[in-house]
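Student: Numbering (full-length UniProt numbering), first residue to last: 1 to 205.
Even glycine gets a Cβ: it sits at the ideal position worked out from N, Cα and C.
Keep in mind that this is a model prediction, so the values were computed, not measured.
Take this structure, written in structure tokens, and hold onto it; I'll ask about it next.
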Amino acid sequence: MFRFGEKVAGYDILVFNEREVRAAAGIVFLFAFIAFMNGFLTGNNEPTKLMVSVFLFDFFIRIFINPKYAPSMIMARWMVNNQTPEYVGAPQKRWAWVFGFFLAITMFYLVVLNDIRGPINILTCALCLGLLFFEAVFGICVGCKVYNIFHQNSAKYCLGDSCDLDKTRMPIQYLNLVQKMIFVISILLLLYLAFGDIITTLARG
1 MFRFGEKVAG
11 YDILVFNERE
21 VRAAAGIVFL
31 FAFIAFMNGF
41 LTGNNEPTKL
51 MVSVFLFDFF
61 IRIFINPKYA
71 PSMIMARWMV
81 NNQTPEYVGA
91 PQKRWAWVFG
101 FFLAITMFYL
111 VVLNDIRGPI
121 NILTCALCLG
131 LLFFEAVFGI
141 CVGCKVYNIF
151 HQNSAKYCLG
161 DSCDLDKTRM
171 PIQYLNLVQK
181 MIFVISILLL
191 LYLAFGDIIT
201 TLARG
């Protein structure tokens with residue numbers, strides 16, 4: 001019962017199903033984002049306190065008991081159980097989830113125990129949401145990449161061989177000049193639409 005990862009034939013280390021991990025990240029992100037926006041827009045921090053407590057409990061089970069018994073992982077397994085598994089190494093996931101656990105402890109101390117509101121809460125919460133978003137949407141495990149830096153590229157079975165920093169990319173993975181121009185123009189347009197009035201006011205004043 002107390003094991004971090006699962007044994008799968010053909011793999012020399014314990015692994016996780018990456019589809020399940022990403023689904024769990026998406027589930028946690030959804031509820032955390034709803035709670036964060038509710039607190040930010042209405043000033044009611046009760047849903048945020050509840051979500052932080054659940055988040056901490058979930059990650060405690062992942063790290064100290066067994067990830068497959070964490071509520072988010074159980075829900076995720078049920079959601080993706082008809083998809084072919086993609087296996088990733090468990091050791092680097094522990095590194096990433098321990099970092100998430102410490103962020104959860106920080107938020108629990110600030111928000112739940114002391115009801116502190118301010119920029120530290122917002123930045124910590126934004127960091128959590130960002131890490132969950134990158135995991136769920138892009139399959140990018142930031143903690144796994146940090147693990148690889150400190151363990152001399154020893155991470156195994158990363159999604160899409162993403163831990164191999166020296167990997168040669170295929171031609172289909174590169175952006176051509178037109179794509180780069182569209183990307184830059186899109187970012188500039190979004191910035192103008194979001195902050196155009198402020199920029200115009202500052203320019204006139």
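1) Can you tell me which of V98, D115 and A32 puts its alpha carbon nearest to the alpha carbon of I61?
2) Helix, strand or coil for N38? Go by DSSP, reduced to three states.
3) Taking the alpha carbon of F2 as the point to measure from, which residue in L113, K68 and E20 has its own alpha carbon closest?
4) Considering G89, what are the terminal residues of the beta strand (DSSP E) in which it resides?
5) State the Cα-Cα distance for the pair N148 and R22, rounded to the nearest angstrom.
6) Ordered along the chain, which non-local residues of its own chain (more than five positions away) have a Cβ less than 7 Å from that of A25?
7) State the CB to CB distance for the pair A32 and L129, rounded to an integer number of angstroms; the pair is presumed to be in contact (CB under 8 Å).
8) At the level of alpha carbons, what is the spacing between N45 and S72?
9) Opposite V21 in the DSSP bridges: which residues?
10) If the criterion is Cβ atoms closer than 8 Å, does the pair C158 and A96 meet it?
11) Consult DSSP for F2 and reduce its assignment to one of helix, strand or coil.
12) From this set, G196, G10, F195 and I34, which residue's C-alpha is nearest Y87's C-alpha?
13) For the alpha helix (DSSP H) holding E46, just list the boundary residues, first then last.
14) Consult DSSP for V28 and reduce its assignment to one of helix, strand or coil.
15) For my contact list, T42 and V111 are in at a C-beta cut-off of 8 Å; report their separation, rounded to the angstrom.
16) Going straight from the alpha carbon of G89 to that of G39, what length do you get?
17) Any chance you could list the alpha helix (DSSP H) runs of at least 4 consecutive residues sitting entirely within the stretch 133-197, in chain order?
18) Kindly indicate the opening and closing residues of the alpha helix (DSSP H) around A76.
Tutor: To lay it out plainly:
1) Cα-wise, what sits closest to I61 is V98.
2) In the three-state scheme derived from DSSP, where H, G and I count as helix and E and B as strand, N38 is classed as helix.
3) Distance from the Cα of F2 is smallest, within the candidate group L113, K68 and E20, for K68.
4) Its beta strand (DSSP E) spans residues Y87 to G89.
5) Taking the straight line joining both Cα atoms gives about 19 Å.
6) Excluding residues within five positions, the ones whose Cβ falls inside 7 Å are L132, E135 and A136.
7) Right, their Cβ atoms sit about 6 Å apart.
8) CA-CA distance, N45 to S72, rounds to 22 Å.
9) Residue pairing by DSSP leaves V21 without any beta bridge partner.
10) When the beta-carbon positions are compared, C158 and A96 stay at least 8 Å from each other.
11) In this structure, F2 counts as coil in the three-state DSSP scheme.
12) Measuring C-alpha to C-alpha distances from Y87 to each of G196, G10, F195 and I34 identifies G10 as the nearest.
13) According to the DSSP assignment, E46 belongs to the alpha helix (DSSP H) that extends over E46 to F64.
14) DSSP, reduced to helix, strand and coil, places V28 within a helical segment of the structure shown.
15) Contact flag wrong, Cβ pair sits at about 15 Å.
16) If you draw a straight line from the Cα of G89 to the Cα of G39, it is about 36 Å long.
17) 142-150, all fully within the stretch 133-197.
18) In the DSSP assignment, A76 falls within the alpha helix (DSSP H) that extends over P71 to M79.
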